[in-house]
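Asks: In the numbering used here, the protein residues as written are 13 to 342. The beta carbon of each residue, even a glycine, is placed where N, CA and C say it ideally should be. Here you go, one structure.
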C-alpha cells in the first residue's frame, strides 16, 4: 500500500505541474463553492482547496474521475463532521508528504484524525442510510490517511477498512438500495463508495498484512457484500480507479491464497503432513494466471476497445481512454 501511495504521489507531482501551466483545464465550480464557507477556518478551507486541486489526484487517476470524486466527497464532508475531519487529515497528510524535508511532524494530521473518530462515534447511532453512506466514506478516507501519513501502526488502515466493510454490509443487509426507497443520488453515492471499497480491498489484499481472515470469498459472495447485481460490471474498466472490476476481485483471491500459504508455512511443523500440498497451491497459481490472461485478452485486446460503465465513455476524451487502456495493460 505504501509503495502504491508513493507511485501515485510521483504522478501527482507531474500532474500538479501541468495543472499550474494550464489552470483553465479544471472545473472550478466546486472551488468557488468553498469560498463562502466562513464557518471553516482559513487553514481548513486551504486544506479543502488542496484536496480538490491536488490530493484527489492520488486517489483517482483521471480528471473525469477526480471531478466525480470531489463532487461526491466534498458535499458529503460539509454535512458530516467525521468525513470533513478525515478529508482534512488526508489533505494535510498529502501536504506533509510533499515537504518531507522538514523534521517537525505535522500534528494537524493526528488532531484531525482524532476529531474525525470522535465525531464518528457520535454519528454512528443514527441508522439512516444516508448517514451510513457518509460514515462509510469517512472510514475509507481514514484508511487513506493511515497509508499516506506512514502510520506507526501498519495495520491501522486495515481497522478502518474492516469498519468500512461492516458499514457496507449493513447498508445492503435490508436488500437492494433500489428497494429501500433511497433517492437516485444516494444510490449513486453508495455505488461509488462500493467501488472505492473494492479498489482499496484489492490493493490491501496483495500486501503481506492485508488480510486478517485468509478466507477466499467467492465472486457471488463478494458481489453480494459490496454491491448489488448489475451495478458492478465485471468486464468494465472502473473509471475511478483505472482497472477492470474482475481484476480487483482476482487480487482479492490472490491475497487470500497467499495468506493461506503463509499460515501453512508458519504453522506446520517440519516433516508434518499438511492438508494442502504444494501441488494444490501450484494449481491455484495456474488458475490465477489463466484468469489474468483471460482478463487481458478480453479487456485490452478487444477489437471494440476497452469497456466502461454505461455513460462513462461519452464523458472521456480520447487521451483519457488511452490512459485507461495503458493502465489496464500495465
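Would you say residue 319 and residue 248 are within 7 angstroms of each other, going by their C-beta atoms?
Replies: yes
Asks: Do you know whose CA, among 175, 110, 250, lies nearest residue 325's CA?
Replies: The residue with the shortest Cα to Cα distance from residue 325 is 250.
Asks: Short check: CB of residue 121 to CB of residue 131, under 7 angstroms?
Replies: Residue 121 is not a Cβ neighbour of residue 131, given a cutoff of 7 angstroms.
Asks: Could you give the DSSP three-state label for residue 256: helix, strand or coil?
Replies: strand
Asks: Rounded to the nearest angstrom, how far is the Cβ of residue 95 from that of residue 149, given a contact under 8 angstroms?
Replies: Yes, they are in contact, since the Cβ atoms of residue 95 and residue 149 sit about 5 angstroms apart, within 8 angstroms.
Asks: Just how far apart, CA to CA, sit residue 261 and residue 51?
Replies: The alpha-carbon atoms of residue 261 and residue 51 are separated by roughly 42 angstroms.
Asks: Given that a residue counts as buried once 16 or more other Cβ atoms are within 10 Å of its Cβ, and exposed if not, what is residue 330?
Replies: exposed
Asks: Below 7 angstroms CB to CB, which residues in the same chain sit around residue 139 once its five sequence neighbours on both sides are set aside?
Replies: none
Asks: State the start and end residues of the unbroken alpha helix (DSSP H) segment that holds residue 289.
Replies: Neither: residue 289 is in no alpha helix (DSSP H) and is coded neither H nor E.
Asks: So, for residue 172: in the same chain, excluding its five sequence neighbours on each side, which residues have a beta-carbon less than 7 angstroms away from its beta-carbon?
Replies: 151, 154, 155, 158
Asks: Just list the alpha helix (DSSP H) runs in the stretch 70 to 154, keeping only unbroken ones of 4 residues or longer that don't cross its boundaries, in chain order.
Replies: 75 to 91, 93 to 110, 119 to 135
Asks: Can you tell me the Cα-Cα spacing of residue 206 and residue 85, whole angstroms?
Replies: 14 angstroms
Asks: Looking at the structure shown, is residue 176 part of a helix, part of a strand, or coil, going by DSSP?
Replies: helix
Asks: Which residue from 338, 328, 322, 332 puts its Cα closest to that of residue 12?
Replies: Look at the range of the chain in this structure, 13 to 342, and you will see that residue 12 is not part of it.
Asks: Could you give the C-beta distance for residue 145 and residue 72, rounded to a whole number, given that I count them as a contact under 8 angstroms?
Replies: In fact, because the Cβ distance is near 18 angstroms, the residues do not count as touching under 8 angstroms.
Asks: Out of 77, 61, 66, 68, point me to the one whose CA is closest to residue 323's CA.
Replies: 77
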